[in-house]
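Order-wise, the sequence lines are chains A and B. The first sequence runs 0 to 257 under numbering that gives the first Met the number 0. The second sequence runs 0 to 565 under numbering that gives the first Met the number 0. Glycine included, every Cβ here is placed at the ideal spot set by N, Cα and C. Predicted, not measured: the structure shown is a model, and the values here were computed from it. Heads up: the structure comes next, in structure tokens.
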Amino acid sequence: MITALTLQELDVENVVLRGVIDLVVFRIFRFDPARNDAPTFQTYDLPDTAGMTILDALIHIKENMDSTLSFRRSCRSAICGSCAICANGKNLLACNTQVNDLKKVRITLEPLPGFPMMRDLVVDWEPFFDQYRSVKPYMVARSTPPEKERIQDQKTRKAYDEAAQCIMCSACTSSCPVVWTDGNYLGPAALTKAWRFVADDRDEITRERLAMVNNEEGVWRCHTIFRCTDSCPKKIDTAGSIESLRKKIIWHQLTGRI
Amino acid sequence: MKKHDVIIVGGGLAGLRAAWKVSEVADTAVVSKLHPLRSHTGAAQGGIAASLGNETPDSWEEHMFDTVKGSDYLGDQNAIETLVKEAPKTIYDLEHLGVAFSRTEEGKIAQRPFGGHQKPRSCYAADWTGHTLLHTVYEQCIPKTIAFYDEWFALSLAVRDGVCRGIVALDIRTGEVEAFHSKAVILATGGYGRAFKITSNALANTGDGLGMALRAGLPLEDMEFVQFHPTGLYRQGILLTEGARGEGGYLVNGDGDRFMRNYAPEKMELAPRDVISRAEQTEIDQGRGGEGKDFVYLDLRHLGEAKINEKLPQLRDLARSFVGVDPVKDLVPIQPTAHYSMGGIPTTVTGQVISDEKNAPVTGLFAAGECACISVHGANRLGTNSLLDAALFGHKAAVATIEYLNEADFHPFPEEVMIEGVTRVKWVREANGRESAPKLRHELQETMTQKCGVFRDREKLEECLAKVKELQKRFDDIGIGDRSKSFNTEVTEALETQNMLDFSEIIVYGAMQREECRGAHWRVDHPGRDDENWLKHTIAFQKEDGIELRYKDVVITRYPPKERGY
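Pasting the structure below:
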């Protein structure tokens with residue numbers, strides 16, 4: 000009989016075994032600052048994960064196996080950005096990832112890397128939102144608006160369509176190796192937000208925005224590793240947003256605008 | 000003790016709009032159990048209504064008539080008139096703040112058809128309208144001076160002698176309970192779909208503001224009116240936007256028939272939500288569900304891949320990730336899902352909370368958004384009117400608060416409310432009983448969906464009420480395994496369950512007493528709308544010896560009730 004324990008020892012891919020047994024071992028990062036202990040991993044075996052998302056599995060564990068497990072969640076439909084975690088080394092949303100799609104018998108769940116730990120799978124997002132706030136993440140239009148809506152052509156609207164869909168889950172920024180080593184780097188989420196407003200012709204401080212990111216902790220710190228784009232649950236090309244900002248900066252420099 | 004002029008509880012669209020406005024003149028704090036960007040406004044998909052007339056000529060009078068008729072004549076027409084008249088300005092204001100609306104060929108805000116609206120008046124951003132509204136309004140709060148208390152769980156309202164003096168809240172991060180002393184409080188805590196098993200609502204939508212109001216001795220209005228949205232993803236309940244039908248999608252049963260021709264031959268798939276949810280449930284109950292099971296289908300295949308990608312990208316993603324079907328080539332299994340609460344904390348048109356059927360104000364207390372009942376939605380809300388309600392009345396509540404602040408001062412904070420909050424949290428955190436709070440929650444959700452759902456009758460409602468009361472008793476014997484003070488979600492979930500058990504009793508009791516069919520409240524044992532006896536609002540109080548119901552007249556100004564056909 001194959002037990003969970005032997006599975007852990009084997010450390011195998013499930014390709015063969017999944018047909019033989021139906022068991023997934025969740026290895027989950029545990030940390031409680033109130034207890035002053037070092038973080039540990041705890042394992043939970045789930046016999047039947049068909050049709051289950053990772054969030055379903057976490058809720059199942061919390062309600063039936065270990066009520067002390069803490070994690071964030073809310074909408075469970077991939078729009079609120081609460082449940083971003085790191086599963087088998089890849090950042091994703093727990094709510095829209097099917098357990099069985101990971102095709103593993105052992106799934107390690109950890110808090111998002113690169114942020115301070117708070118408890119179990121919960122991280123402290125303050126540094127992330129500090130970066131966000133630092134790029135003036137709001138439209139600035141000082142001219143008097145018309146009585147009705149501002150007119151915007153469909154082509155311009157399309158230019159920022161993707162960036163505007165960012166849910167601020169932080170999966171991208173947390174997956175960036177540059178962010179891990181350089182706490183001052185703005186990171187892909189904040190830069191994508193900057194691009195969202197640069198690409199929107201209703202915003203009136205393009206030059207200021209480009210100046211904000213045209214420095215060594217801004218767009219030029221990006222090493223085009225593409226882990227950000229790869230980890231975005233909304234399929235936003237965050238690295239592409241950074242690239243677009245760079246192009247815009249160079250274009251503005253070439254044409255003498257900055 | 001924290002101290003701010005104004006405390007806003009809830010960081011969704013209504014709360015943030017209020018904060019944005021109030022912070023112009025007052026020291027403002029937003030207390031939310033989630034980071035505001037995680038609020039459920041972000042999940043709204045299809046649009047926000049206003050008679051801009053960008054696609055076809057439109058008028059506020061038509062918007063008003065549609066809303067009154069949609070409400071099954073229970074909506075207060077003075078409030079509805081305010082809603083529809085100020086809608087265009089609200090949309091333009093939001094556009095000026097940076098909302099990413101989709102555009103017409105001339106570059107105006109694009110609009111599409113929606114259920115119950117005779118004109119295409121849903122202003123949208125593809126199928127992520129709520130997301131862009133939430134993010135834009137939050138973004139615009141950043142340059143303002145607003146204190147954000149993210150991940151603080153509001154426990155109670157400090158109301159004494161008819162005056163609100165602040166709140167008591169739990170810091171989820173540290174487990175500490177604190178008093179927030181203020182001149183005014185605006186409640187914007189959202190809905191409570193989580194009282195039901197199948198729901199489109201976020202796990203956070205547990206109606207905490209309603210529990211707070213009840214514990215402060217305040218009544219709730221029209222709680223028996225719960226909207227079931229016709230297109231919840233099968234078994235998950237996850238919302239698939241009505242915009243899918245606005246773009247031309249069909250509903251078909253297991254036999255492949257567009258069954259709406261038998262229920263609403265004129266409006267078909269664009270009838271209001273209550274009508275369609277009942278049609279679906281009837282098809283299912285009569286054995287014409289997909290594969291003979293408890294779902295029917297949303298059929299978008301004829302729209303084509305390009306249109307689906309452009310107008311309904313999120314819907315396609317949701318269908319693929321959660322049920323593994325691709326709307327471009329597959330039928331999508333759907334079922335009615337608990338979606339919206341028409342009832343809530345009674346307020347006047349300005350957002351002033353009232354404490355009885357005679358409109359006596361609770362000084363210093365305001366409410367807006369889904370937690371409030373103004374009542375603009377009456378017995379059934381039309382799609383796209385909720386984002387409008389939240390944005391517009393969030394703003395209006397702020398205006399009323401600012402006016403109130405002119406003469407308001409800090410009133411002494413009642414110590415006993417703080418002590419009660421501390422005691423309650425301590426009791427939950429140390430609870431040692433035999434019952435599991437999640438189990439009680441599941442039992443509540445099961446009974447509410449089974450017995451207080453799309454179709455109701457006295458027998459089922461009586462069973463439901465008995466069950467809710469039983470669960471309330473069993474809650475006293477819960478046991479909690481997590482004693483930690485740091486981010487203890489077992490404790491906050493138990494507090495949420497307690498709130499849901501409290502107000503659910505009112506939903507069921509109100510439904511039991513209302514012996515008629517009106518909007519979303521459908522009594523199979525009392526067919527037909529009964530204007531003679533029931534053209535009135537329910538005002539429910541939770542008293543020591545049970546629930547007391549009082550009633551209040553509906554405000555009718557322009558459109559007297561008539562038969563409602565689609």
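Handout entry: Partner residues on chain A for R37(B), Cβ-Cβ distance less than 7 Å
Key = S73, C79, G80 and S81
Problem - Reference I505(B); option with closest CA among E282(B), T400(B), L12(B) and L213(B) - result: L213(B)
Handout entry: Buried versus exposed, by CB contacts within 10 Å (16 or more), V14(A)
Key = Low per-residue confidence applies at V14(A): pLDDT is 41, beneath 50, and the placement is therefore not dependable enough to give any value.
Problem - Residue environment, M64(A), which counts as buried when at least 16 other CB atoms sit within 10 Å - result: exposed
Problem - Coil, strand or helix - Q226(B) by DSSP - result: strand
Practice task
Kindly list the residues whose CB is nearer than 8 Å to the CB of L33(B), restricted to its own chain and excluding five residues on each side of it in sequence; keep chain order.
Solution key: G10, D149, E150 and A203
Problem - Where Q285(B) falls: helix, strand or coil (DSSP) - result: coil
Problem - Simplified DSSP state of D229(A), which is helix, strand or coil - result: helix
Practice task
Go ahead and pull the three-state DSSP assignment for E150(B).
Solution key: coil
Exercise for the section: Enumerate in chain order the residues of its own chain whose CB-to-CB distance from V139(A) is below 7 Å, with the five nearest sequence positions on each side excluded. Expected result: D202, E203 and I204
Handout entry: Beta carbon proximity, Q153(A) to chain B, threshold 7 Å
Key = yes
Problem - Chain-ordered neighbours of M138(A) on chain B, where CB pairs are closer than 8 Å - result: L96, G97, T135, E138 and Q139
Problem - Short-range partners of chain A found in the stretch 179-203 of chain B, where Cβ spacing is below 7 Å - result: A201, L202 and A203
Handout entry: Beta-ladder partner(s) of N431(B), from DSSP
Key = G478(B)
Exercise for the section: Please report the Cβ distance between D97(B) and G393(B), rounded to the nearest whole angstrom; I am assuming they are in contact, meaning their Cβ atoms lie under 8 Å. Expected result: Sequence check: residue 97(B) is Gly here, not Asp. Contact flag wrong, Cβ pair sits at about 17 Å.
Exercise for the section: Could you name the residues of chain B that P32(A) contacts, counting a contact when the two beta carbons are closer than 7 Å? Expected result: S485
Practice task
Just mark P335(B) as buried or exposed, buried being the case when its beta carbon has 16 or more other beta carbons within 10 Å.
Solution key: buried
Practice task
Express the C-alpha separation of F225(A) and R423(B) in angstroms, rounding to a whole number.
Solution key: 48 Å
Problem - Partner residues on chain B for K147(A), Cβ-Cβ distance less than 7 Å - result: Y91
Exercise for the section: Using a Cβ cut-off of 7 Å, pull out every chain B residue sitting near T187(A), in sequence order please. Expected result: Note that residue 187(A) is Pro in the sequence shown here, rather than Thr. The premise fails here: P187(A) is roughly 17 Å from chain B at the closest Cβ pair, so nothing lies under 7 Å.
Problem - Partner residues on chain A for H130(B), Cβ-Cβ distance less than 8 Å - result: I78, Q164 and I166
Exercise for the section: Count the CB pairs spanning the stretch 109-123 of chain B and the stretch 61-68 of chain B that are closer than 8 Å, and state whether there are at least three. Expected result: yes
Practice task
Please classify D552(B): is it buried, with 16 or more other beta-carbons within 10 angstroms of its beta-carbon, or exposed?
Solution key: exposed
Problem - Cross-chain neighbours of E246(B) in chain A, by beta carbon under 7 Å - result: The premise fails here: E246(B) is roughly 17 Å from chain A at the closest Cβ pair, so nothing lies under 7 Å.
Handout entry: Buried versus exposed, by CB contacts within 10 Å (16 or more), W179(A)
Key = exposed
Practice task
Could you check what DSSP says for A83(A) in three-state terms: helix, strand or coil?
Solution key: strand
Exercise for the section: Decide if K450(B) is buried, meaning its Cβ has at least 16 other Cβ atoms within 10 Å, or exposed. Expected result: buried
Handout entry: Neighbourhood of R549(B) by C-beta, 6 Å cutoff - its chain only, sequence neighbours within 5 removed
Key = E356 and I538
Handout entry: Complete beta strand (DSSP E) runs within the stretch 248-307 of chain B (minimum length 3 residues, chain order)
Key = 249-251 and 295-298
Practice task
Would you check if the distance between the CB atom of R517(B) and the CB atom of R528(B) is smaller than 7 Å?
Solution key: yes
Practice task
Indicate, with yes or no, if the ligand SAM has a heavy atom lying under 6 Å from the CB of D408(B).
Solution key: Ligands displayed in this structure: none; no statement on the ligand SAM is therefore possible.
Practice task
May I ask you to report which of helix, strand or coil DSSP gives D100(A)?
Solution key: helix
Handout entry: Close-in-space but distant-in-sequence residues of the same chain around P560(B) (CB under 7 Å, 5 per side omitted)
Key = Y72, D530 and L534
Practice task
Tell me, please, whether the stretch 163-178 of chain A touches the stretch 178-194 of chain B by the rule of three or more beta-carbon pairs shorter than 8 Å.
Solution key: no
Exercise for the section: Determine the DSSP secondary structure at E207(A), reduced to helix, strand or coil. Expected result: helix
Handout entry: Residues that A42(B) contacts on chain A, provided the C-beta gap is smaller than 8 Å
Key = C74, S76, I78 and C79
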